[in-house]
Structures are given as structure tokens and as C-alpha cells.
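In UniProt numbering, the protein residues as written are 1 to 197.
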């Protein structure tokens, strides 16, 4: 397989990255209704975007899909003034680990694509992690931006058990997203064969 980026593949991944960002933002906005949406942001985003990732990975069987997706998300959050330190760390780590899994498993492997989605699913965990990293500051910020009741709810979520539940939910969300994306993988592969024919 020729592993050179083309204008078409770059445009497809950039467009998909913008959609991935939009999905993430929509889930984040639901956090205004309840901090539970914020806690389970990575899991919900993973379940809702697995189809997109597997399709892009299928039609672009080369290095760069996870990196480009997370780079677009990082730059857009930075431009909006919403990028935090831990968000940058988890976005970078998720992209690198996803690329590593794809490289080791093979760019044309559905199994490798599914497994690579797991670290990518953890990419958006940097935002809710602040609930446990700095609960007092997070609650104070929530009280300022939302309400005292919302801040109290955030403080109540800062337990080890809820952290474990969030991490477990990400794995479940990634599995759901990868399962939903499997048919799209076949469609993406079919597009490659049509272009080669």
C-alpha cells in the first residue's frame, strides 16, 4: 500500500477532524445540564465518534490520522481559549499511542484500528480529570461560571470510585464506538479499492 498523503485524503481527515471536534464540543455543552456529562465526556464522545475514526482510518491507511485529528482539536480549543495543560497532555498522548498501535498492528488491519481507538478515546479525559487533580479550584470555577449547587455537585463527584467509573466508562464507550464503526471500516476500504481500480 502506498503510504503517501494525497490532497484528497488530507481533506477527508481534516473534514473528519472538524466533525470530531464538533462532537466533542456538543458533549461538553451538555455538561451545563449536569456535571455527570462532564465526567463522562470521554466515554460519550468515544461512543459517538468511533464510526468516524474507523472510516477515516480505513480510507487513509497510513501514519497520521490520530495525530491530525487530535492536532485539529488541540488547535481549535487553543484558539477558543479553552485549552488546559492536562487537555494538551491527554490529546498528545492519545494520538501518539493510537499511532503506535496502528503501526504495530498494521494500517490495513481492522483489529489494529479498533484497538488504536482505545487510547484515542482517552484523549478528551484531560478536561474532567481536573475534578480529581484540583477539586477545590475546579469547584470554585464551577461556582463562578455556573452556580453554587453545580459546584457542590462537582465536589461530590471528586471520589476515587467515580474516577474508576469514568475510566471504565471510557473503555466501554470506545468498545461501542469501535463496534459501531466496523461497517464504516469496510466502506472506507471499498473506497480505496474503487480508486485503485
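Think of the CB as a built atom: it goes at the ideal place given N, C-alpha and C, for glycine as much as any other residue.
Item checked: Residues of its chain near residue 127, where Cβ-Cβ distance is below 8 angstroms and the 5 sequence neighbours each way are ignored -> Locating residue 127 in the chain shown gives position 127, counting from the first residue. Cβ within range, chain order: 28, 38, 41, 84, 86, 87.
Checklist line | CA-to-CA distance, residue 142 to residue 209, given in whole angstroms | finding: The structure shown does not extend to residue 209, since the chain is modelled only from 1 through 197, so no value can be given for it.
Note to self: Within the continuous alpha helix (DSSP H) that includes residue 62, where are the two ends?
What the structure shows: Numbered from its first residue, the chain shown carries residue 62 at position 62. Premise fails: residue 62 is in no alpha helix (DSSP H) and is neither H nor E.
Notebook entry, point to check: What span of residues does the alpha helix (DSSP H) with residue 107 cover, start to end?
Noted result: Position 107 of the chain shown holds residue 107. First-last for residue 107: undefined, no H or E at that position.
Notebook entry, point to check: With distances taken between CB atoms, is the gap from residue 131 to residue 154 smaller than 8 angstroms?
Noted result: Mapped onto the chain shown, residue 131 falls at position 131. Mapped onto the chain shown, residue 154 falls at position 154. Against a cut-off of 8 angstroms, the Cβ pair of residue 154 and residue 131 comes out as a contact.
Check: Around the Cβ of residue 46, are there at least 16 other Cβ atoms within 10 angstroms (buried) or fewer (exposed)?
Finding: Along the chain shown, read from residue 1 onward, the residue named residue 46 stands at position 46. Answer is buried; the Cβ neighbour count reaches 16.
Checklist line | Assigned secondary structure, residue 95 (DSSP; H/G/I helix, E/B strand, else coil) | finding: In the chain shown, residue 95 corresponds to position 95, counting from 1. Helix at residue 95.
Next item on the list: Starting from the Cα of residue 178, find the closest Cα among 22, 116, 97 and give me that residue.
Entry: Locating residue 178 in the chain shown gives position 178, counting from the first residue. Among 22, 116, 97, the Cα nearest to that of residue 178 is on 116.
Notebook entry, point to check: Is it true that the region 157 to 171 meets the region 102 to 114, where meeting means three or more beta-carbon pairs spaced less than 8 angstroms apart?
Noted result: no
Item checked: Range of the contiguous alpha helix (DSSP H) that encloses residue 132 -> In the chain shown, counting from the first residue as 1, residue 132 sits at position 132. Unbroken alpha helix (DSSP H) run through residue 132: 130 to 133.
Margin query: residue 9 and residue 59 - do their beta-carbons sit closer together than 8 angstroms?
Written below: As a first step, residue 59 is located in the chain shown; it is residue number 59 there, counting from the start. As a first step, residue 9 is located in the chain shown; it is residue number 9 there, counting from the start. Cβ atoms of residue 59 and residue 9: closer than 8 angstroms.
Next item on the list: Tell me whether residue 123 sits in a helix, a strand or coil according to DSSP, three-state version.
Entry: Position 123 of the chain shown, counted from the first residue, corresponds to residue 123. Helix at residue 123.
Check: Can you list, in chain order, the residues of its chain whose CB lies under 6 angstroms from that of residue 114, leaving out five sequence neighbours each side?
Finding: Reading the chain shown from its first residue, position 114 is the one you call residue 114. Result list for residue 114: 178, in chain order.
Item checked: Alpha-carbon spacing of residue 119 relative to residue 56, whole angstroms -> For the purposes of this step, residue 119 is taken as residue 119 along the chain shown, with counting starting at 1. For the purposes of this step, residue 56 is taken as residue 56 along the chain shown, with counting starting at 1. Answer to the nearest angstrom: the Cα atoms are 16 angstroms apart.
Next item on the list: Kindly provide the ranges of any alpha helix (DSSP H) runs that are 4 or more residues long and lie completely inside the region 5 to 91, ordered along the chain.
Entry: 7 to 30, 35 to 39, 41 to 59, 65 to 79
Check: Can you give the beta carbon distance from residue 121 to residue 181, rounded, assuming they're within the 8 angstroms contact cut?
Finding: Looking up residue 121 in the chain shown gives position 121. Looking up residue 181 in the chain shown gives position 181. Not quite, the Cβ-Cβ distance comes to about 12 angstroms (not below 8 angstroms), so this is no contact.
Notebook entry, point to check: For residue 99, is the classification buried or exposed, using 16 other Cβ atoms within 10 angstroms of its Cβ as the cut-off for buried?
Noted result: Taking the chain shown and counting its residues from 1, the one referred to as residue 99 is at position 99. By the neighbour-count rule (16 or more Cβ atoms within 10 Å), residue 99 is buried.
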